[in-house]
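Per this note's numbering, the very first residue in the sequence shown carries number -17; after that it's consecutive.
Where a beta carbon is used, it is the ideal one built from N, C-alpha and C, also for glycine.
These notes concern the structure reproduced below.
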Amino acid sequence: MISRCVTSLRILTTIPVPGKDTPHVALSMPFFPLAGFLIALVMYSVYLLVDYCQPLVPLSGILLTGVLFLVTGGLHFDGFADCCDGFGSGKAKEKILLIFKDSRLGTHGVAGLCIDILLRITLYKWYVEQHCFMVILVSLVMSRAFQALALSRMKSATPGQGIASHFCQSGSGWQVVLSNVLVFSLCIAIASNRLVIAGSIVAAFIAGTIFMMYCRKRIGGVTGDCIGALSEISEVVILTGGVIGLSYPAI
């Protein structure tokens, strides 16, 4: 089990982790939320620093987004940008997959990435000002749980190619579902405003499901870029849902 944890952390973060990888990488999927939790711990240390040093508050959104980029290696930002370019091209499957592999960013990718980053900066700053890190934690953990769930249910758009093909429909689906249920339950249990958290997670799940259905329609499955984009979408939806729910509790 430790080797599965190690593998999940090495796949989803840039944090050096001692230990051996599991020989079957797909078995690490139930532990993806653990990677989200570790990322949250690193970001929480920055959150505490900003909270202690108030002059940094105006820069808090930039600092937290920057730390997230460093800890994840920008993996999911890259996937989201590639999906914006690929799906935004309006081309057939083969051309979309070629665009995914292209290291250059197009207009759609740049625009999508800018919107994603600006949203994060704005949302993170709002949570710092409200002294509420809980929703940020939930967004990081649940988005990784959704990654695993999507990989366990979806086909690879490029069988035998790319990292996603090693995870898709690997046979560990029940373990991933159980992991998702446990993580969801824990998030609700420790939240002070359970209805807001639950609603935000459900909204992210719906948005993610729609995106996965779109991927299946356009390219017949998913790639690593699609899973990265799913993570970005899930996080932003949870963060946005939290802002709406906490700002307008009567809704």
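Around LYS75, the same chain offers ILE201 as residues with beta carbons nearer than 6 Å, after the five sequence neighbours per side are excluded. Contact between LEU(-9) and CYS114 does not hold, since the beta-carbon distance rounds to 26 Å and is not under 8 Å. Assigned with DSSP and collapsed to three states, SER229 falls in helix. Secondary structure remark: continuous alpha helix (DSSP H) runs of at least 4 residues inside the region 25 to 76, in chain order: 42 to 54, 57 to 70.
Collapsing the DSSP output to three states places VAL218 in a helix. Annotated as proximal: VAL7 and THR(-11), with beta-carbon spacing under 7 Å.
Annotation for LYS2: SER(-15), VAL(-12) place their beta carbon closer than 7 Å to its own, counting only its chain and skipping 5 residues before and after.
Boundaries of the alpha helix (DSSP H) around ILE103: 89 to 111. Nearest in C-alpha terms to PHE51, of all of ILE172, ALA22, ALA171, is ALA22. DSSP places VAL(-1) outside both helix and strand once states are collapsed to three, so it counts as coil.
Annotated three-state conformation of SER138 is strand, per DSSP. Taking C-beta atoms as the reference points, VAL218 and VAL110 fail to come closer than 7 Å. Closest by C-alpha distance to PHE82, out of GLY61, LEU16, GLY224, ILE44, is GLY61. Secondary structure note for GLY190: its alpha helix (DSSP H) is the uninterrupted segment 176 to 201.
The beta carbon of ALA211 lies closer than 6 Å to those of GLY61, PHE62, CYS65 in the same chain, with the five residues before and after it left out. If you check the CB distance, GLY181 and PHE128 do not come in under 7 Å. As DSSP reads the structure, VAL204 sits in a beta bridge with SER138. In the structure shown, CYS114 falls within a coil segment according to DSSP collapsed to helix, strand and coil. Setting aside the 5 residues that flank it on each side, LEU87 is surrounded in the same chain by ALA63, ASP67, each with a C-beta closer than 7 Å to its C-beta; the list follows chain order. Less than 7 Å separates the beta-carbon of VAL123 from that of GLY18. Inter-residue distance for CYS150 and GLN157 is about 14 Å (C-alpha atoms, whole angstroms). LEU9: not part of any alpha helix (DSSP H); DSSP gives it neither H nor E. Here LEU133 has MET11, ALA146, PHE149, CYS150, ILE209 as same chain residues with Cβ atoms under 7 Å from its own Cβ, once five neighbours each way along the sequence are excluded.
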